[in-house]
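I have placed the structure first, in the form of structure tokens, so that the comments after it can refer back to it.
In the numbering used here, the protein residues as written are 494 to 1157.
Here's what the structure looks like:
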């Protein structure tokens, strides 16, 4: 629902968000009150000790104060339970109750100070049990006060004052007037600065230069543009995600239509041998995973990795390979050797240098496949995250390539950096001098997969036989023309419901639209949605059939925003403009549709069986196309399916299954 407005400003919390925290505090207060009452009843008439009079008064006032807080909390929780997310009418009295509850913090704070003073007074000689209870009461009071202050800081919206003013009388505002235009510009400018400060705070531990400042501004603009046209609080998004997950599971449980199955058959997409590509992908995924260095090696071998690496940490680096960047104790290089199984002499160049738009990579000789492998590391640092989030589009112009188009700006700059190192520094020339008959293969996972794909496009003219394997690359990478061009030499491997492979600005806009739609039109209170959602995510079961205003509506009616949905929109988002106003279709979008590179192998779980300490998963692979990844799927595995160890496990499982079939 729209953010709660109290003290003249909007906060990042809804009027229906006080049910669960309020109920928890109410339970604590009730137990506290009954404990104090029992203590007072047992020791009544025994307050003749030095300081006993003050203790008697303290307990009496505390009982009355706790009773008042319990009444206020009960009313607050009850009112917060009323209505639905998009119908805050039954909760219109909640701000007054909230003011009352906040006022009670003043006497509670004063009484906590009094209790602390009384406990610290050495002249008090009362029974030890009573003193310990008072100490516990004082501690509990301060803990609750501190957590309340932390909660206020968390839900504070720096744009609350401006946003509230911006929302007021939004229907009657004339956006064409210069005054309204200036107001809108100021709000946007302030929002961008707020997001920029947040990003700077998160990246306070890294050295910041001009590239960082440009990236901060660009990313702040992206976040401001994405979040500025909705009035949702974090709990609304959580409720929307759990509703979408259950709705998605209900749809997946239905049988597919025959024509839907046919469109995914391998013969309708490509004619290459899937088994050969899976075997190659399983082999080269080792190089992509090795590029992560010791963090990946320790993550996959938590009990033995340090012992194995300690044997190599004191060895000198090889003199016949070029190593740049920091690798303290030789842990990165040692991990790469362990994972790939290569020898020191097989490495041509290794770079651990890491800055924004400059990511680590290594070049090695793969004698098994007779290939020169360029492996690019994925996201592993704040600098890499900034590269990922620099999602503006820029033109990629290459000689003799007719399929020029849009590409992801941050990843393209990272590919340019590696391209300059490989060509200008003569790294590839050195490699082909050693092994002139070998072919060039570029691999990478996640950010590394996207960088490897664009790097392959840049090197394609110079190395026509080049191949690229991109594991779990970002979805918003290449325009349609470039994506089609890369089908001749790039293979993308996606596992399950991987979020990153579906991550693009149009898909994020679509996800936002779906969240707003399903949240705004669900006829259940938010606390019920969240409680059932938590149960469903942890213990499974059948998805709840939450009734919504969408039930029974025709497809044509669903193309228009519903009334409750419009109430959550500050102004029309690009999603609705595209649906409702044809004039917008003629103007270039800020974030055009970008796609996955090359041919796509989609690996999915066919079946899984869980044991006490492990799980046995059977995978299936098929050729797919970019339309399958045009929507973000909500699932507990949307993150784990992206992890390099899961991708490697799936590929190895398929390769072993293929090998066993051949043996049979």
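Ideal Cβ placement from N, Cα and C applies to all residues, glycine included.
Between the segment 705-714 and the segment 997-1006, do at least 3 Cβ pairs fall closer than 8 Å? no
For residue 790 versus residue 852, is the C-beta distance shorter than 8 Å? no
Range of the contiguous beta strand (DSSP E) that encloses residue 960: Start and end: 960-964.
In DSSP terms, what residue 926 is bridged to: According to DSSP, which records beta bridges pairwise, residue 926 is partnered with nothing at all.
According to DSSP, residue 784 sits in a beta bridge with which residue or residues? Bridge partners of residue 784: none, in fact.
Rounded separation between residue 934 and residue 866 - CA only: 5 Å
Beta-carbon separation (whole angstroms), residue 970 vs residue 904, contact threshold 8 Å: 7 Å
Count the other CB atoms within 10 Å of the CB of residue 626; is the residue buried (16 or more) or exposed (fewer)? Per the 10 Å Cβ criterion, buried.
To which residues of the same chain is residue 986 closer than 6 Å at the C-beta, ignoring the five residues directly before and after it? 774, 964 and 1094
So for residue 846, helix, strand or coil by DSSP? Secondary structure at residue 846: coil, using DSSP grouped into helix, strand and coil.
Does the beta-carbon distance from residue 567 to residue 519 come in below 8 Å? yes
For residue 683, the three-state DSSP class (helix, strand or coil): helix
Spatial neighbours of residue 743 in its chain, beta-carbon cut-off 6 Å, leaving aside the 5 residues before and after: 1036
Compare the Cα-Cα distances from residue 602 to each of 714, 638, 817 and 612 and report the closest residue. 638
Could you check how far apart the C-beta atoms of residue 573 and residue 512 are, in whole angstroms? I think they sit under 8 Å. 5 Å
Ordered along the chain, which non-local residues of its own chain (more than five positions away) have a Cβ less than 8 Å from that of residue 597? Cβ neighbours of residue 597 beyond the five flanking positions: 558, 561, 562 and 565.
Simplified DSSP assignment, three categories, for residue 509: coil
Using three-state DSSP, classify residue 584 as helix, strand or coil. helix
Could you compute how far the alpha carbon of residue 610 sits from the alpha carbon of residue 530? 22 Å
Between 967, 899 and 1117, which has its C-alpha nearest residue 1085's C-alpha? 899
Around the C-beta of residue 495, are 16 or more other C-beta atoms found within 10 angstroms, so that it is buried, or is it exposed? buried
Cα-Cα, which of 1115, 499 and 555 is closest to residue 525? 555
Using a Cβ-Cβ cut-off of 6 Å (strictly less than) and excluding sequence neighbours within five positions of residue 575, which residues of its own chain qualify? The residues are 583 and 584.
Do the CB positions of residue 961 and residue 871 come within less than 8 Å of each other? At least 8 Å separates the beta-carbon of residue 961 from that of residue 871.
How long is the line joining the alpha carbons of residue 720 and residue 939, rounded to whole angstroms? 25 Å
Following the continuous beta strand (DSSP E) through residue 887, name the residue where it begins and the one where it ends. 886-889
Do the CB positions of residue 841 and residue 856 come within less than 8 Å of each other? yes
Based on Cα-Cα distance, which residue from 975, 1132 and 959 lies nearest to residue 990? 1132
If residue 1139 and residue 993 are in contact, beta carbons under 8 Å, what's the gap, nearest whole angstrom? Not really, about 12 Å apart at Cβ, beyond 8 Å.
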